[in-house]
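Residue numbers (our numbering): 11 to 313. Glycine included, C-beta positions come from ideal geometry on N, C-alpha and C. Here's the structure, in structure tokens; my notes come after.
Spelled out as structure tokens, the structure:
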């Protein structure tokens with residue numbers, strides 16, 4: 011028998027890939043996905059409660075969030091209202107509806123904040139030190155979800171994904187922004203100049219489709235009240251990503267630093283260790299970087 015899963019944030023970058031995976035049967039018995047109706051905001055407590063009571067889902071994947079860090083810095087109150095109060099509204103609505111399924115809260119690897127290079131890679135023993143309003147809001151929401159679990163017995167799992175990329179991502183994010191510039195040069199719509207921020211900084215990039223597979227594994231196999239790192243375990247510089255994207259597209263370009271793209275508080279290096287997640291759930295990343303970048307470039311060309 012198939013079961014119903016409520017997906018918040020289903021219209022976002024990750025949400026669209028996740029809904030496709032559910033439709034393809036990659037979430038086990040969870041095949042009947044419902045999303046919040048257009049216009050229903052998680053900050054609307056009454057409307058959210060009515061919708062949850064009507065739908066009565068068997069499982070929940072809570073993606074909905076304000077996740078753009080510069081916007082969080084500019085408007086921390088909005089970020090708090092969406093990411094914390096919105097999450098509280100959701101778990102209270104589920105509580106009122108008698109929810110007894112599994113709830114996956116999608117947090118962020120950003121909760122770890124600035125990590126000393128000697129302490130890399132980030133793993134299950136790394137203590138969170140959020141360094142911006144977005145990260146703080148995610149950590150606070152995690153705690154509310156886990157407190158709800160301890161109080162009511164609800165099955166709550168927390169995913170902490172690091173940077174994820176793939177087709178369909180907004181060009182506000184670095185790899186997608188670079189891909190748009192590469193394609194524009196290839197098509198003659200832009201001079202052969204690419205404007206960048208700090209491309210020597212390293213990150214742990216995963217394909218969004220691997221991330222979605224991790225969510226499926228965590229929801230199915232994860233332990234109640236556990237937090238799971240979702241990452242590739244590979245440290246790559248943005249410069250490496252850009253050079254490979256240029257090679258795949260057959261483009262040569264002059265790379266110039268744009269001061270407006272630099273962030274003063276940026277961590278120079280980041281990589282995480284997902285081995286505990288693999289051990290507990292069986293998940294591991296499978297998609298090679300070249301495939302990810304090829305698919306991103308193709309997605310940009312088709313827009």
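If I follow the unbroken alpha helix (DSSP H) through residue i, where does it start and stop?
i: residue 146; result: 143–162
i: residue 244; result: No alpha helix (DSSP H) holds residue 244; DSSP gives it neither H nor E.
i: residue 87; result: 86–90
i: residue 184; result: 184–196
i: residue 305; result: 299–311
i: residue 94; result: Here residue 94 belongs to no alpha helix (DSSP H), and DSSP marks it neither H nor E.
i: residue 31; result: 23–33
Taking the beta strand (DSSP E) that residue i belongs to, which residues open and close that run?
i: residue 71; result: 69–72
i: residue 236; result: Residue 236 -> no beta strand (DSSP E), and no H or E assigned at all.
i: residue 203; result: 203–206
i: residue 166; result: 165–171
Less than 7 angstroms between C-beta atoms, sequence neighbours within five positions excluded: which residues of the same chain meet that for residue i?
i: residue 77; result: 144
i: residue 305; result: 176, 177
i: residue 278; result: 211
i: residue 146; result: 140
i: residue 107; result: 62, 63, 66
By how many angstroms is the C-alpha of residue j removed from the C-alpha of residue i?
i: residue 298; j: residue 89; result: 33 angstroms
i: residue 228; j: residue 84; result: 33 angstroms
i: residue 194; j: residue 122; result: 35 angstroms
i: residue 1; j: residue 53; result: Residue numbering for the chain in the displayed model covers 11 to 313; residue 1 lies beyond these limits and cannot be assessed.
i: residue 291; j: residue 199; result: 46 angstroms
i: residue 41; j: residue 262; result: 45 angstroms
i: residue 171; j: residue 219; result: 12 angstroms
i: residue 224; j: residue 285; result: 12 angstroms
i: residue 155; j: residue 91; result: 15 angstroms
i: residue 268; j: residue 312; result: 27 angstroms
i: residue 253; j: residue 100; result: 43 angstroms
i: residue 281; j: residue 132; result: 6 angstroms
i: residue 22; j: residue 73; result: 8 angstroms
List the residues that DSSP assigns as beta-bridge partners of residue i.
i: residue 16; result: 44, 70
i: residue 281; result: Residue 281 pairs with nothing; no bridge assigned.
i: residue 132; result: 282
i: residue 267; result: 206
i: residue 174; result: 216
Below 8 angstroms CB to CB, which residues in the same chain sit around residue i once its five sequence neighbours on both sides are set aside?
i: residue 44; result: 14, 15, 16, 17, 65, 67
State the DSSP-derived secondary structure class of residue i, mapped to helix, strand or coil.
i: residue 112; result: strand
i: residue 259; result: helix
i: residue 51; result: coil
i: residue 77; result: coil
i: residue 125; result: coil
i: residue 224; result: helix
i: residue 59; result: helix
i: residue 294; result: coil
i: residue 8; result: No statement about residue 8 is possible, as the shown extent of the chain runs from 11 to 313 and does not include it.
i: residue 105; result: helix
Can you name, in chain order, every residue of its own chain whose Cβ lies under 6 angstroms from the Cβ of residue i, other than the five neighbours on each side?
i: residue 151; result: 93, 94, 97
i: residue 204; result: 191, 263, 265
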